[in-house]
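Novice:
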Amino acid sequence: MELSFEHRSLRDLCEDPTKAERELGEATATTLHARLSDLRAIERIGQIPVGNPQAYGDPNGARMSIDLGNNYKLVFCANHNKLPIAASGVVDWSRVTRIRILGIEKHALD
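Each residue of the sequence shown is one higher than the last, beginning at 1081 in this note's numbering.
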């Protein structure tokens, strides 16, 4: 999978373990780097073995998230010039090979 980042500071956070530990805590930073390695190693999002990938906050299925633990989620979208769209009108994630990391979000406990 080919990864890109929404902005430079996000890329820096994702690529610098020290910065990630400082901002997210050691456990979340470790999980973040493991998930990014997992994403780089696969061809399609359905192949990711962990992290509970799921649709995230978009009725068209254009965004997904992966759990990082401690209520953090890695949020991303497909990053194709022409999005692969299924017959149902939502993004066909089985054909997505490029993603853009949009952010890391922390959610309050329910």
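Virtual Cβ for every residue (Gly too), placed ideally from N, Cα, C.
1) Report buried or exposed for Arg-1088, applying the criterion of at least 16 other Cβ atoms within 10 angstroms of its Cβ.
2) Candidates Glu-1095, Glu-1103 and Ala-1121: which alpha carbon is nearest Val-1130's?
3) Counting C-beta neighbours from all protein chains within 10 Å, is the total for Ser-1117 16 or more, i.e. buried, or is it exposed?
4) Taking only three categories from DSSP, how would you classify Gly-1126?
5) Between Met-1144, Asn-1150 and Glu-1101, which lies nearest to Lys-1186 when the distance is taken from Cα to Cα?
6) So Ile-1184 and Tyr-1152 are in contact, right, with Cβ under 8 Å, and what is the actual spacing, rounded?
7) Go ahead and label Ala-1100 buried or exposed: buried means 16 or more other beta carbons lie within 10 angstroms of its beta carbon, across all protein chains shown.
Specialist: Checking against the coordinates, here is how it stands:
1) exposed
2) Ala-1121
3) exposed
4) helix
5) Asn-1150
6) 6 Å
7) buried
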